[in-house]
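Have a look at the structure below, then the notes.
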Amino acid sequence: MIFSKRTGLKGTLTIPGDKSISHRSIMLGSLADGITEVHGFLNGADCISSMNCFREMGVTIDHNGDTVIIHGKGLHGLQAPKETLDVGNSGTTTRLMSGILAAQNFKSRVIGDASICRRPMKRIITPLSLMGADIVSENGNDCAPLLITGKPLHGIHYDSPVASAQVKSCILLAGLYAAGETSVTEPYVSRNHTELMFDAFGVDIKTSGTTAIVKPADKLYGQKIMIPGDISSAAYFIAAGLITPDSCITIKNVGINNTRDGILEVVKMMGGTITYDRLDQPGEPAADITVQTSDLKGCVIEGSLIPKLIDEIPIIAIMACFAKGQTVIKDAQELKVKESNRIDVMVQNLSAMGADITATDDGMIIHGGKPLHGAVIDSHLDHRIAMSFAIAGLNADGDTEILGSDCVNISYPTFYQDLAGLR
Ligand code: S3P
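The opening residue of the sequence shown carries number 1 in full-length UniProt numbering; numbering runs sequentially from there.
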């Protein structure tokens, strides 16, 4: 797909549902007693992978547009999958589902695509093994394929070396089945959708600072779940509105959970013009967000802010190229183990467009203000890279060609149509 220079991006759009909440709705809905009704479900390939895995374990799931009805099987009602469970490109499915599989009375094998088979799974193998799980990496490289033989588990306290909601959620899901209490402490708080949804489904979950504590559950109660738009998807339009000349974009119903709203803090630090209209509706907090073309300035992004915007760093790096002065992103080593190595891939592609960007061990440094020119961009089949460079391409001289642009299907299948809809 090819992008060229635009001005005057104007309009209002509603972005698809939150990816993290959509995954969790399938998992908790499957383990609950009764019906779980989900509205605003994200029809991205990753969430469909979660859906198909749980269908493979005997769960009936009706799917119509962004409405999903899950006929819960109860905590002990999953059936042994006849086939290997294929998670596609989804790290969230792999890690969260493994926590559930570790406690079932059957064996399972979990596979995924080439990217998944490179991503680190030791981070879940270690704590699950401490809980008594039998989970091994088939090729002995601490990556998928994973072979999981369900076992009785016991609760642990785990000090996680990484602030990762996937690791935390994996352990908490296993904790539903464990004897005794299970708790996880992280270096910084990561997204808390699992904790919020546990509470809604009747699980005894408590949080204190950077620790989450779950008690084993007898039963989860099917719920109605309203999923707001994904702030990680909204981020591309927030950036587009701020950096593209003569623009004004309103994005409706964006989830603004305070463990996910780091991009909004960055916009404030960069001096962007942004307004919020908070919505009064059930479910996680949401707002309509409006952005306008702004003179941005560089900033420092680090520490506890990183987990709150980890998936938005590629598009923040694009914004930084249009900001005056230096932007430093640090404490973000996790970027190296996402769908691609997002430090290397951002530096390689932005350098090709003429940006002043340097990789560091734990992030990147960008000196804004150098005009970007079109280039051939390798997305490395990473959805967030493809979407970030589409926005960069709208603000670069000449043509920007994105290779592998279809990978946006992972989290935002209608991204290019929505972008083209802004006039
Ligand atoms: C996610 C957590 C984050 C994020 C991913 C979704 C989740 O990963 O990058 O896109 O839904 O829990 P980590 O927990 O590995 O940081």
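All C-beta atoms, glycine included, are put in the ideal place defined by N, C-alpha and C.
Keep in mind it's a predicted model, so treat the numbers as computed, not measured.
- Residue pairing of I329 in beta bridges, as defined by DSSP: I301, M364.
- DSSP, read as helix, strand or coil, puts H383 in helix.
- When distances are taken from the beta-carbon of A165 to the heavy atoms of ligand 1, the shortest one is below 7 Å.
- Using a 10 angstroms sphere on the CB of Q417, the tally of other CB atoms stays under 16, which defines it as exposed.
- In the three-state reduction of the DSSP assignment, Q104 falls in the coil class.
- For S160, the closest alpha carbon among the candidates C143, V184, Y177, L173 is that of V184.
- Beta-bridge annotation (DSSP): V110 is paired with L85, L146.
- Taking all protein chains in view, the Cβ of A179 is surrounded by fewer than 16 other Cβ atoms within 10 Å, so the residue is classified as exposed.
- Residue side-chain check: D261 keeps its Cβ at 7 Å or more from all non-hydrogen atoms of ligand 1.
- Proximity of the beta carbon of I310 to ligand 1 is indicated: a heavy atom of the ligand is located closer than 7 Å.
- Taking a C-beta distance under 8 Å as the contact criterion, N192 and T259 qualify as a contact pair.
- A straight-line Cα-Cα distance of about 21 Å links L78 and I124.
- Secondary structure note for T185: its beta strand (DSSP E) is the uninterrupted segment 182-185.
- Distance from the C-beta of G91 to the nearest heavy atom of ligand 1 is below 7 Å.
- Taking 8 Å as the cut-off, the Cβ atoms of P245 and T210 do not count as close.
- If you check the CB distance, D261 and E302 do not come in under 8 Å.
- The beta strand (DSSP E) runs of length 3 or more contained entirely in the segment 47-78 are, from start to end of the chain, 60-64, 67-71.
- Listed in chain order, the non-local C-beta contacts of I410 below 6 Å within the same chain comprise G44, A45, D46, N89, H383, local neighbours out to five positions each way being set aside.
- For C248, the uninterrupted beta strand (DSSP E) run begins and ends at 248-255, by DSSP.
- Restricting attention to alpha helix (DSSP H) runs no shorter than 4 residues, the segment 143-231 encloses them at 165-175, 193-200, ordered along the chain.
- Boundaries for A32: no alpha helix (DSSP H) harbours it, and the DSSP string shows neither H nor E there.
- For L279, no beta strand (DSSP E) encloses it, and the DSSP letter there is neither H nor E.
- DSSP, read as helix, strand or coil, puts L9 in coil.
- Taking the Cα of A133 as reference, the smallest distance to any Cα among S340, L147, D311 is reached at L147.
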